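Q: Sharing a structure with you now.
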Ligand SMILES: Cc1cc2nc3c(=O)[nH]c(=O)nc-3n(C[C@H](O)[C@H](O)[C@H](O)COP(=O)(O)O)c2cc1C
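Residue numbers (the UniProt record's numbering): 1 to 365.
Below is the structure:
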């Protein structure tokens with residue numbers, strides 16, 4: 001069956017692009033949930049389920065596809081199973097913070113259509129660790145039943161961050177609240193220290209702050225879950241090369257399981273959109289194809305330092321199956337995307353998986 005990309009492009013141009021981007025997001029999520037509750041989600045799942053040739057081993061688990069959904073799309077785990085039906089090999093929920101918080105004032109999400117990019121300053125709007133834990137507990141039970149029934153079940157990772165009102169000095173304790181609540185219901189855990197929209201957060205990438213934070217979260221997560229929960233750290237593309245090396249060395253020192261690279265950038269370089277239009281959007285993290293070059297540089301740099309067995313999840317500007325394959329060839333174990341889903345629509349994941357499966361069959365990845 002041909003993928004209805006032109007249909008989505010039409011809807012995007014004539015409906016979504018005229019709406020506030022955050023409203024459009026909620027509309028899409030509502031639609032996916034409705035599809036999941038009706039039989040339509042099952043049809044979507046049958047069409048989009050990854051080819052078995054894409055099965056991947058990483059972080060001690062089997063992933064149905066190396067391609068997954070990056071953090072930020074489903075911050076509160078309210079649409080994990082509907083999103084699973086699009087064919088993602090994994091879904092990273094969050095960023096979740098210790099306390100519930102509303103995020104920044106709206107508008108806080110902007111499209112740069114000419115660049116197929118987004119600028120966001122959401123500011124970790126989420127329901128807090130306790131509420132998200134409950135949802136993930138229910139989803140885990142449901143996933144077990146789906147696995148038994150031979151259905152498509154993605155890996156579910158949980159990305160945690162700092163509550164805005166907690167001062168930096170209290171950051172470790174705040175992350176521990178989330179680690180304790182969420183590690184037991186996570187397949188893997190990510191410490192996010194790289195979003196540009198929580199004041200001071202990225203200072204936690206400094207090695208003196210990062211070492212005690214990661215050590216404490218790792219210990220708390222394993223103790224709370226009663227098993228080893230793979231732990232990764234997510235870094236910004238704006239780190240200097242030497243700082244990327246230092247984080248890689250820390251990952252080795254602490255025996256962390258991996259790194260996610262990268263988050264959005266605060267840079268505005270390389271955009272085609274008129275500079276005044278870009279400036280008018282204001283502060284925030286930029287995502288989309290403009291991020292791809294730096295994301296690849298960071299991946300290559302990390303892989304030089306990190307042996308096989310330490311997972312690298314590459315994210316930033318991926319749009320085509322060839323883009324995903326390239327990240328895998330450059331040393332990524334897994335790949336994520338977010339912004340292209342907005343521009344390409346729900347069948348994008350199916351196209352990625354099918355393209356990737358063809359490349360794998362040809363021995364090209
Ligand atoms: C609207 C939006 C919200 C995001 N929220 C989060 C978040 O809460 N936590 C996080 O780690 N990354 C977040 N990200 C970053 C993405 O996970 C990803 O790292 C980044 O967008 C680059 O990938 P892309 O070019 O495929 O979008 C967000 C991105 C966007 C566009």
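All C-beta atoms, glycine included, are put in the ideal place defined by N, C-alpha and C.
Only a predicted model underlies this, so the values are computations on that prediction, with no experimental measurement involved.
Output the distance between the C-alpha atoms of residue 96 and residue 129, rounded to the nearest integer angstrom.
A: For the purposes of this step, residue 96 is identified with residue 96 of the chain shown, where counting begins at 1. For the purposes of this step, residue 129 is identified with residue 129 of the chain shown, where counting begins at 1. If you take the alpha carbons of residue 96 and residue 129, they lie about 6 Å apart.
Q: Do residue 224 and residue 180 have their C-beta atoms closer together than 7 Å?
A: The sequence position of residue 224 within the chain shown is 224, counting from 1. The sequence position of residue 180 within the chain shown is 180, counting from 1. Yes; because the gap between Cβ atoms is below 7 Å, this pair is in contact.
Q: Going by the beta-carbon positions, is the gap between residue 298 and residue 244 smaller than 7 Å?
A: Translated into positions along the chain shown, residue 298 becomes position 298. Translated into positions along the chain shown, residue 244 becomes position 244. Result yes, Cβ atoms of residue 298 and residue 244 sit closer than 7 Å.
Q: Use the C-beta contact count for residue 38: other C-beta atoms within 10 angstroms, 16 or more gives buried, fewer gives exposed.
A: As a working note, residue 38 is residue 38 in the chain shown. Result: exposed.
Q: What number of angstroms, rounded off, separates the C-alpha of residue 2 from the C-alpha of residue 166?
A: If you number the chain shown from 1, residue 2 lands on position 2. If you number the chain shown from 1, residue 166 lands on position 166. With a pLDDT of only 45 at residue 2, under the threshold of 50, the placement of this residue in the model should not be trusted; the figure read from the coordinates follows. Going from the Cα of residue 2 to the Cα of residue 166 covers about 50 Å.
Q: Kindly indicate which three-state DSSP category residue 320 falls into: helix, strand or coil?
A: Here residue 320 refers to the residue found at position 320 when the chain shown is read from its first residue. Coil at residue 320, not helix or strand.
Q: Thinking C-beta only, is residue 133 closer than 7 Å to residue 185?
A: The count along the chain shown starts at 1 and reaches residue 185 at position 185. The count along the chain shown starts at 1 and reaches residue 133 at position 133. Cβ atoms of residue 185 and residue 133: closer than 7 Å.
Q: Go ahead and pull the three-state DSSP assignment for residue 108.
A: In the chain shown, counting from the first residue as 1, residue 108 sits at position 108. DSSP places residue 108 in coil when its eight states are reduced to three.
Q: For residue 98, name the three-state secondary structure that DSSP assigns.
A: Position 98 of the chain shown, counting from 1, holds the residue named residue 98. If DSSP states are grouped into helix, strand and coil, residue 98 belongs with coil.
Q: Per DSSP, residue 160 is paired with what?
A: On the chain shown, position 160 is the one that residue 160 refers to. Paired residues: 96 and 191.
Q: Per the DSSP calculation, residue 260 is bridged to which residue(s)?
A: Position 260 of the chain shown holds residue 260. Residue 260 pairs with 234 and 313.
Q: Give me, in chain order, the residues of the same chain whose beta-carbon lies closer than 7 Å to that of residue 81; leave out the 5 immediate sequence neighbours on both sides.
A: For the purposes of this step, residue 81 is taken as residue 81 along the chain shown, with counting starting at 1. Cβ within range, chain order: 36, 139 and 142.
Q: List the whole-angstrom C-beta distance separating residue 332 from residue 352, where the pair is believed to meet the contact cut-off of C-beta under 8 Å.
A: As a first step, residue 332 is located in the chain shown; it is residue number 332 there, counting from the start. As a first step, residue 352 is located in the chain shown; it is residue number 352 there, counting from the start. About 14 Å separates the two Cβ atoms, so there is no contact after all.
Q: Does the Cβ-Cβ distance between residue 272 and residue 114 come in under 7 Å?
A: The residue given as residue 272 occupies position 272 in the chain shown. The residue given as residue 114 occupies position 114 in the chain shown. Yes, the Cβ-Cβ distance between residue 272 and residue 114 is below 7 Å.
Q: Any contact between the region 72 to 89 and the region 236 to 253? By contact I mean 3 or more CB pairs, one from each, below 8 Å.
A: Too few Cβ pairs lie closer than 8 Å, so no.
Q: Just the C-alpha distance for residue 322 and residue 356, rounded to the nearest angstrom, thanks.
A: As a first step, residue 322 is located in the chain shown; it is residue number 322 there, counting from the start. As a first step, residue 356 is located in the chain shown; it is residue number 356 there, counting from the start. Computed Cα separation, rounded: 7 Å.
Q: Taking the straight line between their C-alpha atoms, what separation do you get for residue 373 and residue 149?
A: Because the chain is modelled from 1 through 365, residue 373 falls outside the range shown and cannot be assessed.
Q: Could you check if residue 208 is buried or exposed, using at least 16 other CB atoms within 10 Å of its CB as the buried criterion?
A: As a working mapping, residue 208 is identified with position 208 in the chain shown. Exposed, because fewer than 16 other Cβ atoms sit within 10 Å of the Cβ of residue 208.
Q: Taking the straight line between their C-alpha atoms, what separation do you get for residue 74 and residue 284?
A: Within the chain shown, residue 74 is the residue found at index 74, counting from 1. Within the chain shown, residue 284 is the residue found at index 284, counting from 1. Going from the Cα of residue 74 to the Cα of residue 284 covers about 19 Å.
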